[in-house]
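Accompanying notes for the structure given below.
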Amino acid sequence: GAVVSQHPSRVICKSGTSVKIECRSLDFQATTMFWYRQFPKQSLMLMATSNEGSKATYEQGVEKDKFLINHASLTLSTLTVTSAHPEDSSFYICSARVRQKNTEAFFGQGTRLTVV
Amino acid sequence: SQQGEEDPQALSIQEGENATMNCSYKTSINNLQWYRQNSGRGLVHLILIRSNEREKHSGRLRVTLDTSKKSSSLLITASRAADTASYFCASHSGNTPLVFGKGTRLSVIA
Chain A
159 GAVVSQHPSR VICKSGTSVK IECRSLDFQA TTMFWYRQFP KQSLMLMATS
209 NEGSKATYEQ GVEKDKFLIN HASLTLSTLT VTSAHPEDSS FYICSARVRQ
259 KNTEAFFGQG TRLTVV
Chain B
3 SQQGEEDPQA LSIQEGENAT MNCSYKTSIN NLQWYRQNSG RGLVHLILIR
53 SNEREKHSGR LRVTLDTSKK SSSLLITASR AADTASYFCA SHSGNTPLVF
103 GKGTRLSVIA
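Pasting the structure below:
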C-alpha cells in the first residue's frame with residue numbers, strides 16, 4: 159500500500175512554543191490530507207481537512223489560528239501547533255488519500271506531542 | 003461528530019478464541035473500513051468493504067456489512083496474543099474524510 163510518513167514521531171516542547179508536524183505521502187500524490195487528534199483511550203477526532211493549494215477546512219471547535227495547516231504541495235502537509243499549552247498534549251495523526259481515488263486512506267505513524 | 007459506534011468498548015478473550023466487534027453508523031456510506039491501532043502507535047488498515055458488498059474475508063478477518071441496519075462486524079478467528087490492540091471502524095461518503103468510531107480495545111490472553 160501507499161506510504162505516509164509523519165515526522166517527528168515524538169516531541170516534547172515548552173509551554174508557549176510552537177511545534178511543526180510534517181506529513182508526507184511518499185509514493186503517491188495526495189490532493190487532500192486529513193489531520194486527526196487522539197487523546198488517551200479515545201478515538202480519532204478529525205481536526206481539519208488540508209487541501210493542496212487552498213485553505214484548510216477546520217472542524218467545529220478547532221481553532222484555525224492555533225493549529226496552522228499548510229498544504230503547499232501534493233506530497234506535503236504541515237500542522238503547526240502555535241503557542242502550545244499542556245492541554246494540547248495529544249497524539250496527532252495525518253492521513254492521505256490517493257489522488258482521484260475514493261478508496262482507503264493511509265495514515266502516518268502519528269506524533270506524540272507533550273507540552274510541559 | 004463521530005459517526006461510528008463500536009461495541010463492545012473492551013473485549014478480553016483467551017488465545018485461540020474468536021473475537022467479534024460491531025460497529026454502527028448513522029448516514030449512508032461509500033465504504034466502511036476497519037483499522038487496528040497498537041497502543042500509542044499509528045493506524046494500520048485492515049480491510050475495506052464497499053457499500054454494495056455484504057461480506058469480505060482477509061486471512062483470519064471476516065467483515066460483514068448490513069446497510070439496512072447501518073452496521074458492520076469484524077470477526078477475528080483463532081485470535082493470538084499479538085492481536086491485542088484497539089480496533090476502529092471508519093466510514094465516509096463521497097469525498098468526505100473518514101469518521102471514526104470509538105473503538106474496541108481487544109485483549110487476547112495467552
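Residue numbers (the working numbering), protein chains in the order written: chain A, 159 to 274; chain B, 3 to 112. Ideal Cβ positions, reconstructed from N, Cα and C, are used throughout, including at glycine.
Does DSSP classify residue i as helix, strand or coil?
i: Ala84 of chain B; result: helix
i: Glu180 of chain A; result: strand
i: Glu245 of chain A; result: helix
i: Ala230 of chain A; result: strand
i: Ser3 of chain B; result: Low local confidence applies: a pLDDT of 44 at Ser3 of chain B is under 50, so the model's placement there is unreliable, with the coordinate-based value given in what follows. Note: Ser3 of chain B maps to coil in three-state DSSP.
i: Leu100 of chain B; result: coil
i: Arg38 of chain B; result: strand
i: Asn54 of chain B; result: coil
i: Glu262 of chain A; result: coil
i: Val65 of chain B; result: strand
i: Phe197 of chain A; result: coil
i: Thr190 of chain A; result: strand
i: Asn24 of chain B; result: strand
Measure from the C-beta of residue i to each C-beta in chain A and report whether the shortest distance is under 8 Å.
i: Gln35 of chain B; result: yes
i: Arg64 of chain B; result: no
i: Lys115 of chain B; result: Residue 115 of chain B cannot be examined here, being either before or after the span of chain B that is shown, 3 to 112.
i: Leu67 of chain B; result: no
i: His47 of chain B; result: yes
i: Gln4 of chain B; result: With a pLDDT of 47 at Gln4 of chain B, under the threshold of 50, the modelled position of this residue cannot be trusted, and the question is left open.
From the beta carbon of residue i, is the nearest beta carbon of chain B less than 8 Å away?
i: Glu262 of chain A; result: yes
i: Ser201 of chain A; result: yes
i: Ile251 of chain A; result: yes
i: Arg270 of chain A; result: yes
i: Phe265 of chain A; result: yes
i: Leu184 of chain A; result: no
i: Phe197 of chain A; result: no
i: Thr207 of chain A; result: yes
Compare the C-alpha of residue i against each of the options and name the closest.
i: Tyr27 of chain B; options: B:Asp9, B:Gly18 and B:Arg38; result: B:Asp9
i: Leu234 of chain A; options: A:Gln218, A:Ser248, A:Ser208 and A:Arg168; result: A:Ser208
i: Gly18 of chain B; options: B:Gly42, B:Ala87, B:Ser30 and B:Arg62; result: B:Arg62
i: Trp193 of chain A; options: A:Arg168, A:Leu204, A:Gln187 and A:Lys172; result: A:Leu204
i: Ser93 of chain B; options: B:Thr22, B:Ser41 and B:Thr29; result: B:Thr29
i: Pro244 of chain A; options: A:Arg255, A:Gln196, A:Thr189 and A:Ile170; result: A:Ile170
i: Ala21 of chain B; options: B:Ser88, B:Leu100 and B:Glu55; result: B:Ser88
i: Lys58 of chain B; options: B:Arg43, B:Leu77 and B:Lys72; result: B:Leu77
What does DSSP give as the partner residue(s) for residue i in the beta ladder?
i: Leu271 of chain A; result: A:Val169 and A:Ser248
i: Val110 of chain B; result: B:Ile15
i: Thr215 of chain A; result: A:Thr207
Since residue i and residue j should fall inside the 8 Å C-beta cutoff, what is the C-beta to C-beta distance between them, to a whole number of angstroms?
i: Gln39 of chain B; j: Leu45 of chain B; result: 5 Å
i: Val110 of chain B; j: Arg82 of chain B; result: 6 Å
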